[in-house]
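Numbering (this note's numbering), first residue to last: 174 to 896.
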Amino acid sequence: MPVGEQLTLAGLPGPRTARRPRSAVAVEIAERLPVARVCIDLPPAHLDRPFEYLVPAALDDVAQPGTRVKVRFGRQDVDGYLLERVETAEHDGELVPLRKVVSGEAVLTPSVLRLSRAVADRYAGTLADVLRLAIPPRHARVEAEGGPAAAAAAEGSPATAAAAEGGPAVRPSEVRGPTPSGTGWADHRGGGAFLSHLSAGHAPRAVWSALPGGPGSSWADAIAQAVVATSISGRGSLVVVPDARDGDLVAAALESAGVPAWTPGAEGGYARLAADDGPASRYRSFLAVLRGHARVVIGTRAAAFAPVQTLGLVVCWDELDDLHSEPRSPYPHVREVLAIRAEQAGCAALIGGHARSTEAQAMVAAGWAQPLQADRPVVRARTPRVRALTSIELARDGAAGAARLPSEAWRVAREALRTGPVLVQVPRAGYLPVVACERCRTVARCGACHGPLAIGSAAGVPQCTWCGALATTWRCGECGSGALRSVRVGSDRTAEELGRAFPGVPVRVSGAGSPTGVLARVDGRPALVVATPGAEPEADGGYAAALLLDAAVSTARVSLRTGEEAVHRWLTAASLVRPSGAGGVVLLVGDAAPAPTQALVRWDPVGFVERELTERAELALPPAVRVGAVTGTRDAVAVFLARLALPPGADVLGPVVVEDAQAVTAAARQAPGTLDQPVRAIVRAPLAAGGALAAALAASSAVRSARREGGTVRIQLDPREML
Numbered sequence: 174m175p176v177g178e179q180l181t182l183a184g185l186p187g188p189r190t191a192r193r194p195r196s197a198v199a200v201e202i203a204e205r206l207p208v209a210r211v212c213i214d215l216p217p218a219h220l221d222r223p224f225e226y227l228v229p230a231a232l233d234d235v236a237q238p239g240t241r242v243k244v245r246f247g248r249q250d251v252d253g254y255l256l257e258r259v260e261t262a263e264h265d266g267e268l269v270p271l272r273k274v275v276s277g278e279a280v281l282t283p284s285v286l287r288l289s290r291a292v293a294d295r296y297a298g299t300l301a302d303v304l305r306l307a308i309p310p311r312h313a314r315v316e317a318e319g320g321p322a323a324a325a326a327a328e329g330s331p332a333t334a335a336a337a338e339g340g341p342a343v344r345p346s347e348v349r350g351p352t353p354s355g356t357g358w359a360d361h362r363g364g365g366a367f368l369s370h371l372s373a374g375h376a377p378r379a380v381w382s383a384l385p386g387g388p389g390s391s392w393a394d395a396i397a398q399a400v401v402a403t404s405i406s407g408r409g410s411l412v413v414v415p416d417a418r419d420g421d422l423v424a425a426a427l428e429s430a431g432v433p434a435w436t437p438g439a440e441g442g443y444a445r446l447a448a449d450d451g452p453a454s455r456y457r458s459f460l461a462v463l464r465g466h467a468r469v470v471i472g473t474r475a476a477a478f479a480p481v482q483t484l485g486l487v488v489c490w491d492e493l494d495d496l497h498s499e500p501r502s503p504y505p506h507v508r509e510v511l512a513i514r515a516e517q518a519g520c521a522a523l524i525g526g527h528a529r530s531t532e533a534q535a536m537v538a539a540g541w542a543q544p545l546q547a548d549r550p551v552v553r554a555r556t557p558r559v560r561a562l563t564s565i566e567l568a569r570d571g572a573a574g575a576a577r578l579p580s581e582a583w584r585v586a587r588e589a590l591r592t593g594p595v596l597v598q599v600p601r602a603g604y605l606p607v608v609a610c611e612r613c614r615t616v617a618r619c620g621a622c623h624g625p626l627a628i629g630s631a632a633g634v635p636q637c638t639w640c641g642a643l644a645t646t647w648r649c650g651e652c653g654s655g656a657l658r659s660v661r662v663g664s665d666r667t668a669e670e671l672g673r674a675f676p677g678v679p680v681r682v683s684g685a686g687s688p689t690g691v692l693a694r695v696d697g698r699p700a701l702v703v704a705t706p707g708a709e710p711e712a713d714g715g716y717a718a719a720l721l722l723d724a725a726v727s728t729a730r731v732s733l734r735t736g737e738e739a740v741h742r743w744l745t746a747a748s749l750v751r752p753s754g755a756g757g758v759v760l761l762v763g764d765a766a767p768a769p770t771q772a773l774v775r776w777d778p779v780g781f782v783e784r785e786l787t788e789r790a791e792l793a794l795p796p797a798v799r800v801g802a803v804t805g806t807r808d809a810v811a812v813f814l815a816r817l818a819l820p821p822g823a824d825v826l827g828p829v830v831v832e833d834a835q836a837v838t839a840a841a842r843q844a845p846g847t848l849d850q851p852v853r854a855i856v857r858a859p860l861a862a863g864g865a866l867a868a869a870l871a872a873s874s875a876v877r878s879a880r881r882e883g884g885t886v887r888i889q890l891d892p893r894e895m896l
């Protein structure tokens with residue numbers, strides 16, 4: 174066993190006495206604080222603790238807390254972060270020295286370290302996993318553009334000095350936009366008071382139900398006004414949005430309010446932090462924030478960890494968007510990360526969107542945040558007229574009512590096209606995303622992995638959506654027929670049908686899989702814009718109408734979140750339509766579930782989510798309880814659960830077999846019905862025991878890692894999908 178490797182697992186008795194460290198090799202060590210505690214960048218759960226190394230005298234000046242280092246671990250050199258330096262070691266044995274300091278830039282600040290540790294603990298993950306999300310990969314050339322001289326200069330720069338003294342994050346001379354009583358907040362009950370508290374240096378927390386609005390009163394303008402108000406009190410702001418399109422809207426609103434984009438060599442303004450920006454640009458912006466040159470940040474998911482100096486406000490826009498859920502371990506959600514950060518930093522928090530999640534409503538119900546919403550007369554004036562075509566209305570339409578575009582929808586679209594573009598939202602992308610046997614209606618599945626088949630174009634061949642295999646000789650396993658029919662119609666097929674129904678009208682498709690990709694904006698000329706949820710472009714002057722097709726599909730999915738996700742998708746699309754006073758109309762087509770339908774028609778996302786939260790509390794479902802999903806191979810999950818030390822009041826549901834594409838492993842797809850088929854167990858605990866539940870899952874994961882147990886196990890706290 175290599176000298177210097179510490180194998181004590183977390184939770185076992187530690188060393189008896191701290192003492193001056195002994196070196197395992199002949200090297201001169203630093204006289205002061207010679208022991209470095211390092212977080213090593215390795216994934217095994219049982220390594221989630223600091224390891225101690227000696228600081229060579231040659232590295233004394235650069236080996237500072239927060240720097241990247243290389244250390245010897247076992248038989249390999251691994252990366253890590255230097256967490257702290259201390260005088261004496263806790264490890265009862267000889268230590269080895271740090272191999273090198275990769276960079277003298279202290280990229281891990283104390284506040285981000287504290288946040289990352291809290292996020293790891295909340296989600297039963299490891300600190301190393303969270304730091305991979307929080308800190309972008311190093312870009313040596315970008316770092317060298319500034320180097321130590323720039324870092325030293327930053328310490329005496331006006332921006333850094335302002336940060337240290339609580340000065341403004343944006344120079345007052347830069348702010349020429351709305352005052353804290355700006356029009357973006359005037360229509361919201363408590364909106365003016367919220368901005369006044371921000372400008373006074375206070376830390377209000379709010380859950381915001383945004384209304385549609387034009388230039389000067391849009392959601393992005395409201396966020397910009399909140400950032401400016403926070404800047405007046407000498408503090409920085411952090412705005413996290415789902416994607417780059419929303420980031421562009423916030424950036425434009427900030428510039429209209431007098432906050433410029435940060436540029437290399439400049440002081441002040443906002444910086445962008447998004448993975449789409451590329452490694453060099455992202456790291457350059459990260460360093461600008463770290464060094465205090467920019468204290469306003471706009472970014473996507475990982476920007477929630479940005480090292481903003483003198484942080485005064487965190488904003489999560491469109492918190493129901495699934496892009497806020499991190500797909501990598503430990504799977505944190507931006508809303509929860511920013512809530513933790515607001516608590517730790519003592520700063521303001523704004524969680525907003527056109528719809529509202531049950532988690533955000535739970536924050537209001539618990540008194541953690543106050544609601545910001547408009548009165549009913551204001552809602553009616555700012556929103557379009559919404560209608561839902563019920564089954565009774567469709568039945569009156571005869572055969573035309575059974576079509577995907579009933580005659581009433583066709584009439585609404587035709588009239589709206591006289592004055593502007595019409596948005597058509599469809600739940601699924603592609604051509605025919607789900608097909609079935611024409612004779613017996615059994616869903617068509619792949620012969621290799623049993624995944625569902627889809628057809629990608631009018632002349633396309635059926636293809637598996639899981640493994641990609643072509644099903645050129647498909648035959649139904651139930652009746653033997655080789656003919657297929659559509660079960661779900663995607664955006665491409667919808668655009669094809671609309672082109673025939675409205676000859677001469679331009680038809681544009683917006684979506685990740687479309688040839689033109691996701692459109693950011695369309696002009697105000699008449700056109701049909703077909704988009705999938707989340708890909709709806711804004712229109713100059715707003716859409717004249719919106720058709721929300723296949724509404725029944727949006728509420729037919731078996732999931733705990735089906736209703737709130739449907740309301741979110743529909744309100745997001747409807748918010749792009751002109752208000753009723755300007756002739757804006759939204760038509761919901763399809764026999765959807767009553768509660769989400771009424772929430773859309775009345776534009777009442779708050780009432781819907783209040784009822785939803787009450788029902789979940791009665792049924793002991795999240796967010797009224799904390800849950801963890803344990804997914805993996807059957808034997809591995811059984812062993813994992815058997816040693817789980819559950820807190821009082823906790824219980825285990827399952828395990829049961831799962832068949833969703835995300836959970837099914839390649840091995841399980843090749844052998845359906847065998848013991849290799851993945852299973853999922855839900856571990857549930859009262860909210861008060863949520864921390865103990867996460868600790869128990871982390872402890873079982875550490876034992877599994879240390880023993881190198883076979884199979885696969887995936888742990889996720891507070892999963893978006895439980896069913």
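Cβ coordinates follow ideal geometry from the N, Cα and C atoms, glycine included.
Residue i to residue j span [Cα, whole Å]
i    : j    : result
Y716 : A755 : 10 Å
T592 : V695 : 14 Å
L471 : D808 : What sits at residue 471 in the sequence shown is Ile, not Leu. About 45 Å.
A512 : A522 : 7 Å
V413 : R311 : 22 Å
C652 : D494 : 41 Å
G389 : Q398 : 10 Å
E518 : R210 : One detail in the question is off: residue 518 reads as Ala in this sequence, not Glu. Roughly 24 Å between the two C-alpha positions.
A865 : A871 : 10 Å
R614 : P767 : 27 Å
E278 : R241 : 8 Å
Counterpart residues of residue i in DSSP-defined beta bridges
i    : result
T804 : R853 and R887
H506 : S498
F140 : In the structure as shown, the chain begins at 174 and stops at 896. Residue 140 is therefore absent and cannot be evaluated.
D824 : R857
Supposed contact pair residue j and residue i - C-beta distance, whole angstroms, cut 8 Å
i    : j    : result
V599 : S664 : 5 Å
W392 : A383 : 4 Å
S878 : A230 : Incorrect: roughly 36 Å between the Cβ atoms, too far for contact.
V595 : D360 : That pair is no contact at about 27 Å.
L761 : A609 : So it is not a contact: roughly 25 Å between Cβ atoms.
A627 : C640 : Not really, about 12 Å apart at Cβ, beyond 8 Å.
E785 : G736 : 6 Å
S564 : D764 : 5 Å
D797 : G827 : Checking the sequence shown, residue 797 turns out to be Ala, not Asp. The pair is not a contact, with the Cβ atoms about 19 Å apart (cut-off 8 Å).
Where residue i sits in the DSSP three-state scheme
i    : result
F675 : coil
W743 : helix
L232 : helix
D416 : coil
D250 : strand
L711 : What sits at residue 711 in the sequence shown is Glu, not Leu. DSSP places E711 in strand when its eight states are reduced to three.
G407 : coil
Y456 : helix
A686 : With the sequence shown as reference, residue 686 is identified as Gly, and Ala is not the correct amino acid for it. Coil, per DSSP.
P752 : coil
I308 : coil
S659 : strand
Neighbourhood of residue i by C-beta, 6 Å cutoff - its chain only, sequence neighbours within 5 removed
i    : result
P706 : R742
A818 : A869
L643 : V634 and Q636
R661 : R601, P606 and V607
E257 : R210 and P238
Cβ neighbours of residue i in the same chain (closer than 7 Å, five flanking residues each side left out)
i    : result
V886 : V803, G805, A809, V810, F813 and R877
I888 : A297, G801, V803, L870 and S874
R816 : S873 and V876
A823 : V856, R857, A858, A862 and L866
Contacting residues, own chain, Cβ-Cβ under 8 Å from residue i (five flanking each side not counted)
i    : result
A793 : R857
A291 : I513 and Q517
R881 : none
Below-9 Å beta-carbon distance, residue i vs any chain D residue
i    : result
L761 : Among the chains of the structure shown, chain D does not appear; only one protein chain is present.
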